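Chemist:
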Amino acid sequence: MHTMNKNFKKRFYFLIPLLLMGPVLFAQHRGDNLSLQGLSSKNDVSVKASAMGGAYTAVTGDMASLFFNPASLVKLKQIQVSVSANYYSKQWRENQNYRPDRYFVTLPFYLEGLYVPDPANNGKWDYQLAQDTLYNYNVKEPELGIDSYSEEAADWKNDKDDLGFNNFTVAVPFELAGQKFAAAASFNRNNNFYDFDRNDTYLDPHVGYYGYPGDITRVDGIHTLTMYWSRFIRERVGTINTIDAAISYELSEMISIGTGFKTMWGESDDIQSLTRIGSFLLSNQQRFAFSYETAANSISGTSDYSSTSFNLSALVELNRFRIGLKVDLPYTLTREWKYTETKKDSVVTTKTVNGKDEVELPAIFNIGFSFQPVDAFIIAFDYEYVPYKKAKFNLGSNDATFQNWVNQNTIRFGLEFKATNYLSLLAGYRSTPQTYVPDGAAITDKGPDANSYNCGVSVSLFFGRIDLSYELRILKYYDSYFSNTNYSFEKSSNIMIGYTYSF
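Under my numbering, the sequence shown has 29 at position 18, and the numbering climbs by one with no breaks.
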């Protein structure tokens, strides 16, 4: 399953020279080594903007413009201070569906869990095992007629949640020499920084996909081939902190400009393991023998992240229609890691390794439109383009299997209806394509879409404004191989509450 995570995304083939070395270079590309996974999960820092699907590039009158279009800050009428918190939960699950192979017809029964071999039969040819049991295999019937992405069909699932402080922001409009300005600053804490990947059938070499150099095409009667079966698990949990600051200036009643910067730092605890289940000795004429094995490799340690970026923005107001523009300038993201590697076979060995990876990211372009047909109703639309194909990677180690990210085109749509002077109803939607392409995909220049559905309310009271938002995000896709199809599903929920005071 790809998880960056599956935004920065999911697939980063950084071969850290500490785990999964040698023949694993030609193993299944699911179960990627630790790199930048998890950083793709964007942290919503404005409750109201989140409720509108993040379509805020051309929306004015709120300090959330700091994050979406600093040029809009100058439209503030009062000093604003806000604080917010969130509860975030996420679930990963996967269903691996193996099909009979024309060379090794019964082998998928093992990988599907339909047949559990007896350790007493280690090394015995499959046909001999069938003869010894009088062809009375204890093979379970597969479940049919259920949704391949459903929780019922999943081979495994993993859940994670967290609750905590999210954001503190201050925005101040002011005049200088008769000109209108505004400045804002914010401290954000991303408690949602975690990633998980699991592959219960990590095969080396992979038995059924032509895209891998280790693909098994056919085994002749002279040679045999050993295919190792392992369970892969990768997990990362951490915290990312950011400071945003910006200033805006009103050129005229119609045009405003702004500039801002963001500095990010954080760390995570990383764990990765590859635990051997057994091996298949493959021969010709559909012969194979299975044996349980106990080898295991694991790594654990920490990663430290940092980056600093700048942006330029503009806002054009045409009566009830607004156009917003924002460009995040190119910047470099750095990860420094330090791990302890443990290898368990006939003996146990341990060593410490460290390194540094840098990613030079290209400029990010945002354009937004908002239309207010009547005073009580706002329609907003955003489009974001990130040419990730231009990203440059300076890795701590070489990786011959590295694949470039694909470009990302994100759309966001939002609505605000002011039901009364005190109550606003909010709704939104966004579609965020991933920066990786699933294995075996027909379209090779676009990743699968994560669809987010948002709603919320904003209540203005005598002591300030209270905002509440909810987001449901769903990502599902499949990897397709000659031997199997892997159905991956991710679901996350984000509940945010914020308080804003104006004076």
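Here a beta-carbon is modelled for each residue, glycine too, at the ideal position from N, C-alpha and C.
Because the structure is a prediction, the values reported are computed rather than measured.
Would you list the residues sitting across from Glu235 in a DSSP beta bridge?
Modeler: At residue 235 the sequence reads Thr, which differs from the Glu that was named. According to DSSP, which records beta bridges pairwise, Thr235 is partnered with nothing at all.
Chemist: Taking only runs of the beta strand (DSSP E) that begin and end inside the region 299–374, which ones reach a length of at least 3 residues, in chain order?
Modeler: Taking only runs of at least 3 residues, the beta strand (DSSP E) segments lying wholly in the region 299–374 are 299–303, 307–329, 332–339, 342–355, 359–372.
Chemist: Rounded to whole angstroms, what is the Cα-Cα separation between Asn495 and Pro128?
Modeler: Their Cα atoms are separated by approximately 20 Å.
Chemist: Could you round the C-beta distance between Lys502 and Ile485 to whole angstroms and report it? I think they count as a contact, below 8 Å.
Modeler: So it is a contact: roughly 5 Å between Cβ atoms.
Chemist: Which value, in whole angstroms, describes the spacing of the CA atoms of Ile90 and Phe192?
Modeler: Between Ile90 and Phe192, the C-alpha separation is close to 12 Å.
Chemist: Use the C-beta contact count for Gly467: other C-beta atoms within 10 angstroms, 16 or more gives buried, fewer gives exposed.
Modeler: Flag for Gly467 reads buried.
Chemist: Within the same chain, show all residues whose beta-carbon is closer than 8 Å to that of Met265, passing over the 5 residues directly before and after it, in chain order.
Modeler: Excluding residues within five positions, the ones whose Cβ falls inside 8 Å are Val327, Glu328, Leu329.
Chemist: Might you give, ordered along the chain, the residues of its own chain that have their beta carbon closer than 6 Å to the beta carbon of Ala82, omitting 5 neighbours on each side?
Modeler: These residues qualify, in order along the chain: Ser259, Ser267, Ile268, Gly269, Ser324, Ala325, Leu326.
Chemist: Taking its Cβ as the centre, do 16 or more other Cβ atoms sit within 10 Å of Glu352, making it buried, or is it exposed?
Modeler: Burial call: buried.
Chemist: According to DSSP, is Phe176 helix, strand or coil?
Modeler: Strand.
Chemist: Measure the alpha-carbon distance for Arg209 versus Ile244 and round it to whole angstroms.
Modeler: Using only the alpha carbons, I get a separation of about 4 Å.
Chemist: Let me confirm a value: Tyr512 is counted as buried when at least 16 other C-beta atoms fall within 10 Å, else exposed. Which label applies?
Modeler: It counts as exposed.
Chemist: If you follow the beta strand (DSSP E) that Ala391 is part of, which residue opens it and which one closes it?
Modeler: From DSSP, the beta strand (DSSP E) with Ala391 extends over 388–397.
Chemist: Could you tell me if Pro216 is buried or exposed, where buried requires 16 or more neighbouring beta carbons within 10 angstroms of its beta carbon?
Modeler: Buried, because 16 or more other Cβ atoms sit within 10 Å of the Cβ of Pro216.
Chemist: Run through the region 408–492 for me and flag every whole alpha helix (DSSP H) of 4 or more residues, listed as ranges in chain order.
Modeler: Within the region 408–492, no complete alpha helix (DSSP H) run reaches 4 residues.
Chemist: Could you pull out every residue in the same chain whose Cβ sits closer than 8 Å to the Cβ of Leu262, ignoring the five residues on either side in sequence?
Modeler: Contacts found: Ile268.
Chemist: The beta strand (DSSP E) spanning Glu163 covers which residue range?
Modeler: Unbroken run through Glu163: none, as it is neither H nor E.
Chemist: Rounded to the nearest angstrom, what separates Leu483 and Lys59 at their Cα positions?
Modeler: For Leu483 and Lys59, the distance between alpha carbons rounds to 15 Å.
Chemist: Could you please give the first and the last residue of the uninterrupted alpha helix (DSSP H) stretch that includes Asp137?
Modeler: That run of the alpha helix (DSSP H) goes 137–143.
Chemist: Decide if Asp137 is buried, meaning its Cβ has at least 16 other Cβ atoms within 10 Å, or exposed.
Modeler: Asp137 is buried by the Cβ-count criterion.
Chemist: Which value, in whole angstroms, describes the spacing of the CA atoms of Val248 and Thr180?
Modeler: Between Val248 and Thr180, the C-alpha separation is close to 25 Å.
Chemist: In the DSSP output, which residue or residues are listed as bridge partners for Ala404?
Modeler: It is worth fixing the name first, because residue 404 is Phe in this sequence and not Ala. Phe404 is bridged to Val370.
Chemist: For Phe398, which residues of its own chain have a beta-carbon under 8 Å away from its beta-carbon, when the five flanking residues on both sides are left out?
Modeler: The sequence shown places Pro at residue 398, not Phe. Contacts found: Pro373, Ala374, Asn418.
Chemist: Per DSSP, which one or two residues make a beta bridge with Thr286?
Modeler: Answer by DSSP bridge pairing, in chain order: Arg242, Ala307.
Chemist: Specify the secondary structure class of Ser76 as computed by DSSP and reduced to three states.
Modeler: The answer is helix: DSSP assigns Ser76 an H, G or I state.
Chemist: Are the beta-carbon atoms belonging to Leu340 and Met63 less than 7 Å from one another?
Modeler: Against a cut-off of 7 Å, the Cβ pair of Met63 and Leu340 comes out as no contact.
Chemist: Look up Ser279 in the DSSP assignment and give the residues it is bridged to.
Modeler: Paired residue(s): Gly249, Ser314.
Chemist: Kindly give me the distance between the Cβ atoms of Val370 and Phe404, rounded to whole angstroms, as I take these residues to be in contact under 8 Å.
Modeler: Sure, about 6 Å apart at Cβ, within 8 Å.
Chemist: Within 10 angstroms of its Cβ, does Ile157 collect 16 or more other Cβ (buried), or is it exposed?
Modeler: Exposed: under 16 other Cβ atoms inside 10 Å.
Chemist: Can you tell me whether Ala4 is buried or exposed? The criterion is at least 16 other CB atoms within 10 Å of its CB, across all chains shown.
Modeler: The chain is shown from 12 up to 514; residue 4 falls before or after that span and cannot be answered.
Chemist: For the pair the region 331–339 and the region 356–363, tell me if three or more CB-CB distances fall below 8 Å.
Modeler: As far as the Cβ criterion goes, the region 331–339 does not touch the region 356–363, which means the pair count is below three.
Chemist: For the candidate residues Asn199, Thr212, Ser159, Phe185, whose alpha-carbon lies nearest to that of Phe120?
Modeler: When only C-alpha atoms are compared, the closest one is Thr212.
Chemist: Mapping DSSP to helix, strand and coil, what is Leu118?
Modeler: The answer is helix: DSSP assigns Leu118 an H, G or I state.
Chemist: Which of the three DSSP states, helix, strand or coil, is assigned to Val385?
Modeler: Looking at Val385 - three-state DSSP - the assignment turns out to be strand.
Chemist: Apart from the five residues just before and just after Asp173, which ones in its own chain have a Cβ nearer than 6 Å to its Cβ?
Modeler: Around Asp173: Tyr99, Asn202.
Chemist: Gln102 to Tyr350, Cα distance in whole Å?
Modeler: Roughly 27 Å between the two C-alpha positions.
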